[in-house]
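Working notes, structure below.
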Amino acid sequence: MARQPTTRLQVSGYRFLVRRMEHALVRRDVRMIHDPMRAQSSSLMVGIVLATVVVAGCAILAFFRPNMPLGDQPIVMAKDTGAVYVRIQDTLHPALNLASARLISGNNENPKPVKDSELAKARRGPLVGIPGAPASIPAPLTGDDTIWTVCDVATPPPSSTVTSTVIAGKVTLENGNQEMPKDRYALATVNSQIYLLYDGKRAAVDLANPAVTRALRLEGVTPRPISMSVLNAIPEVPAIAPPPIPDAGGPSPITTAGVRVGSVIKMSRADSAEYYVVLSGGVQRVNEVTADLIRFSDSQGAQDIVAVAPDVISGHPSLNQLAVQTFPDRAGKIVDVPEKSVLCSSWKPGQEKTQEHATTKLLMGNSLPLKTDQVPVVLAQADKEGPDVDTAYIPPARSAFIRSTGLGGDTGRAESLYLILDTGVRFGIGNLEAAKSLGLTVEPVPAPWPVVGLLPSGPRLSKEDALVVHDGMPPDKTGLAINPSTSSTAPA
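Quick note on UniProt numbering: the sequence shown kicks off at 1 and runs consecutively.
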């Protein structure tokens, strides 16, 4: 016979009878005119709910407004004043800044807030730390964002002045800003030296040499001003000049009429023409600029370039004797200041995974390669037409943890560690242990010293430098006073 399941009504009736028996035992009355047992149960549940709410509220309050005892916390912060203290043995010392406190304690955690009444119970020591060290250390830029750019903003003649800016992170190529095309060059001058800027490099040129000016088509071109900041951030290659050719004018290994050592000859391919210079031991292929340089300096009496058959070229050794490999392929159009007033050198690190080398690109435009809401910080060292960098842009609330290197990439200088804040100040870091104490637990990314070395230098960050006590500090005589009404600066 199948079991009959218990119904809800039966369960309710059973509970009623149990409650009635409890009522009879306690009250000696089965009529249940009054039911104090139910009131007791309700009170118990209400009490449990209220206790839960109170405990939860205390937990939330403790999380957002902790009132921790002083204990043996390495770094604490006064809740009322925000002052930072660091523990050295059994003594609390007021720290000049968070960086100093972290270096001394070797702990990169944030300070624990405590009441001033708790601090009053502790043994106190003198002021300690590094003057000018960071008060906070934002998250560092990642490897994808570590592009370093230095720019000049030039004014046209007759003033011909430049101001310079350092930019960390990706640049914005819009509103007329662009990478300098292969067929565009810039002619720049600084300290009476003239350089041709092309294809991410620079080469000295002598405008007093007619062969150079005509081969590069620089007649009548006025060099634009450039700062040493931007110039030094562009890799230098040998000067562009007619290459000396040994035994020039002597008998040629090529017997074609009119061809001598030092002559430029031409061979036609299916899609283009190739130029060669005849040497005593064979031929060397050259580009158009090199061919014109040689002909403008000594054409060997030839009015036109002699054309030879391909088998004539293949019948002689191919040499690489003349150091002309870095010369531009052909004469390009010069970018002057009225056309593009901003000139930048942008450095990107190499990639080990793809075996890419560090690269330098030239950028040009009429404004800094930044978005409209990206505003550089005016540095205290700004001198406008002077040699120092005037402004810097590091993304707000970010920092850069770098190791210095050359423009070509890794140079084995991993010991040169730096922290760069969004204020544009560069701090040297003693070692990796000090970096970890500061909260910089990521690997330092490479950055070119010719660019980051332009930024103003802050104090060195190390435990030894932080473990210095002070009774007082003299004012910074090199600082600048700020006019609150105009936000302009003037020497203090």
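Where is the CB? At the ideal position from N, CA and C, for every residue including glycine.
In this text, all values refer to a predicted model and were calculated from it rather than measured experimentally.
In this structure, 119 is the residue among 103, 52, 108, 119 with its C-alpha nearest to the C-alpha of residue 83.
When C-alpha distances from residue 93 are compared across 104, 124, 180, the shortest belongs to 124. In summary, residue 180 is buried, with 16 or more beta-carbon neighbours lying within 10 Å of its beta-carbon over all protein chains present. Take the alpha-carbon of residue 363 and the one of residue 168: they are about 15 Å apart.
In this model, residue 377 and residue 424 are separated by some 7 Å (Cα to Cα). Contact between residue 151 and residue 368 is confirmed by a C-beta separation of about 6 Å, below the 8 Å threshold.
Of the residues 388, 372, 342, 146, the one whose Cα lies closest to the Cα of residue 366 is 342. Comparing alpha carbon positions, the residue from 403, 445, 440 closest to residue 351 is 445. Using a 10 angstroms sphere on the CB of residue 458, the tally of other CB atoms reaches 16 or more, which defines it as buried.
Runs of the beta strand (DSSP E) lying entirely within the region 359-425 and spanning at least 3 residues, in chain order: 359-365, 391-393, 398-405, 417-420. Leaving aside the five residues that flank residue 310 on each side, the residues in its chain whose CB is nearer than 6 Å to its CB run, in chain order, 267. Residue 484 and residue 79 have their C-alpha atoms some 29 Å from each other.
For the 8 Å CB-CB criterion, residue 397 and residue 373 do not form a contact. If you check the CB distance, residue 133 and residue 461 come in under 8 Å. Comparing C-alpha distances from residue 400 to each of 138, 416, 245, 380 shows the shortest one belongs to 138. Judged by beta-carbon spacing, residue 455 lies within the 8 Å limit of residue 392, meaning their Cβ atoms are closer than that value. Here DSSP, grouped into helix, strand and coil, assigns residue 21 to helix.
Using a Cβ distance threshold of 8 Å, residue 245 and residue 308 do not count as a contacting pair. When secondary structure is reduced to three states using DSSP, residue 433 falls in the helix class. For residue 294, same chain residues with a beta-carbon under 8 Å away, outside a window of 5 residues either side, are 242, 243, 245, 262, 264, 277, 286 in chain order.
The beta carbons of residue 128 and residue 95 sit closer together than 8 Å. A distance below 8 Å between beta-carbons, with the five flanking residues on each side excluded, links residue 194 to the following residues of its chain, in chain order: 187, 188, 204, 205, 206, 207, 223. For residue 163, the uninterrupted beta strand (DSSP E) run begins and ends at 162-168, by DSSP.
Counted as a single uninterrupted DSSP element, the alpha helix (DSSP H) harbouring residue 104 occupies residues 98-105. Annotation for residue 280: 247, 261 place their beta carbon closer than 6 Å to its own, counting only its chain and skipping 5 residues before and after. A residue is called buried once 16 or more other Cβ atoms fall within 10 Å of its Cβ, and residue 482, having fewer, is exposed.
Here residue 56 is exposed. Its C-beta has fewer than 16 other C-beta atoms within 10 Å. 8 Å or more divides the Cβ of residue 360 from the Cβ of residue 237. In the three-state reduction of the DSSP assignment, residue 250 falls in the coil class, being assigned neither a helical nor a strand state. Per DSSP, residue 116 is one residue of the alpha helix (DSSP H) stretching across 116-119. With respect to the 8 Å criterion, residue 463 and residue 434 are classified as neighbours on the basis of their beta carbons.
DSSP places residue 59 within a helical segment (H, G or I) once states are collapsed to three. Residue 449 and residue 101 have their C-alpha atoms some 29 Å from each other.
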